[in-house]
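Beneath this line is the structure, given in structure tokens, with notes to follow.
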Amino acid sequence: SQQGEEDPQALSIQEGENATMNCSYKTSINNLQWYRQNSGRGLVHLILIRSNEREKHSGRLRVTLDTSKKSSSLLITASRAADTASYFCATDGAGANNLFFGTGTRLTVIP
Amino acid sequence: EAGVVQSPRYKIIEKKQPVAFWCNPISGHNTLYWYLQNLGQGPELLIRYENEEAVDDSQLPKDRFSAERLKGVDSTLKIQPAELGDSAVYLCASSSRLGSIQYFGAGTRLSVL
Numbered sequence: 002s003q004q005g006e007e008d009p010q011a012l013s014i015q016e017g018e019n020a021t022m023n024c025s026y027k028t029s030i031n032n033l034q035w036y037r038q039n040s041g042r043g044l045v046h047l048i049l050i051r052s053n054e055r056e057k058h059s060g061r062l063r064v065t066l067d068t069s070k071k072s073s074s075l076l077i078t079a080s081r082a083a084d085t086a087s088y089f090c091a092t093d094g095a096g097a098n099n100l101f102f103g104t105g106t107r108l109t110v111i112p
Numbered sequence: 420e421a422g423v424v425q426s427p428r429y430k431i432i433e434k435k436q437p438v439a440f441w442c443n444p445i446s447g448h449n450t451l452y453w454y455l456q457n458l459g460q461g462p463e464l465l466i467r468y469e470n471e472e473a474v475d476d477s478q479l480p481k482d483r484f485s486a487e488r489l490k491g492v493d494s495t496l497k498i499q500p501a502e503l504g505d506s507a508v509y510l511c512a513s514s515s516r517l518g519s520i521q522y523f524g525a526g527t528r529l530s531v532l
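Read top to bottom, the protein sequences are chains A and B.
Using our numbering, the letters of the first sequence correspond one by one to residues 2 to 112.
Using our numbering, the letters of the second sequence correspond one by one to residues 420 to 532.
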């Protein structure tokens with residue numbers, strides 16, 4: 002079974018708006034990663050946040066992590082049509098050597 | 420730097436036929452992963468290699484699936500015989516070390532008829 006669950010499953014916004022996706026997971030972790038997948042393509046790494054970090058930024062991306070609630074959020078600011086993709090969170094699970102991916106949020110940015 | 424290369428991109432076969440997927444990881448990456456991705460789902464690990472050793476194959480259906488990574492570089496994933504339920508995207512990924520960022524290939528989309 003997959004470790005993470007993303008919410009919402011699908012999100013549709015206008016270009017220029019912000020998009021927020023949430024991820025909940027079940028066990029303690031060493032780090033949490035977010036990946037993007039364009040239709041018909043492989044996954045592309047976006048950002049990694051360690052369990053002792055609370056917030057991390059990369060360009061238009063902002064990730065937060067709340068280990069007490071076992072949840073993370075990904076914020077994409079000033080969205081563009083090119084941001085249309087599926088977004089997955091992935092956790093390693095403390096003591097585990099593999100990544101466990103969530104079910105993903107499908108983001109559609111309307112031009 | 421070349422990314423992870425997978426071939427073929429698409430494969431259509433009839434059930435009970437064999438099929439093989441090939442993956443060339445990023446040069447120097449010791450860890451290689453094969454994932455299965457069903458439509459609308461996230462990737463699920465099938466097998467992980469550290470160099471040429473399969474260190475985690477607990478999720479690989481060993482009655483019909485096999486994999487190898489000769490010389491610790493390229494890898495092949497095989498299904499024999501294929502079943503209708505095997506229709507999915509098979510993704511290969513590599514990383515420089517365990518626990519670091521994974522780099523994915525474009526995947527092979529398998530359709531079993």
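All C-beta atoms, glycine included, are put in the ideal place defined by N, C-alpha and C.
1. Is A:E16 near A:I111, with beta carbons less than 8 angstroms apart?
2. Opposite A:T85 in the DSSP bridges: which residues?
3. Could you check whether B:I466 and B:L479 sit closer than 8 angstroms to each other, using their CB atoms as the reference points?
4. For B:R467, decide whether its Cβ has a neighbour in chain A, counting only Cβ atoms nearer than 8 angstroms.
5. Please check if any C-beta of chain A sits within less than 8 angstroms of the C-beta of B:L517.
6. Helix, strand or coil for A:K70 per DSSP?
7. Measure how close the beta-carbons of A:S74 and A:T28 come, nearest whole angstrom, since I'm counting them as under 8 angstroms.
8. For chain A, is any of its Cβ atoms less than 8 angstroms away from the one on B:L458?
9. Would you tell me roughly how many angstroms separate the C-alpha atoms of B:D493 and A:E18, rounded to the nearest one?
10. Who are B:D475's beta bridge partners in DSSP?
11. Taking B:L464 as the query, report the chain A residues whose CB atoms sit under 7 angstroms from its CB, ordered along the chain.
12. Would you kindly work out how many angstroms separate the C-alpha atoms of A:L49 and B:E502, rounded to a whole number?
13. With a cut-off of 8 angstroms, does the C-beta of A:D67 fall near any C-beta of chain B?
So, from the data block:
1. yes
2. Answer by DSSP bridge pairing: none, since A:T85 is not bridged.
3. Yes; because the gap between Cβ atoms is below 8 angstroms, this pair is in contact.
4. yes
5. yes
6. coil
7. Actually they do not touch by this definition, with Cβ atoms about 19 angstroms apart.
8. no
9. 43 angstroms
10. B:R467
11. N99
12. Taking the straight line joining both Cα atoms gives about 37 angstroms.
13. no
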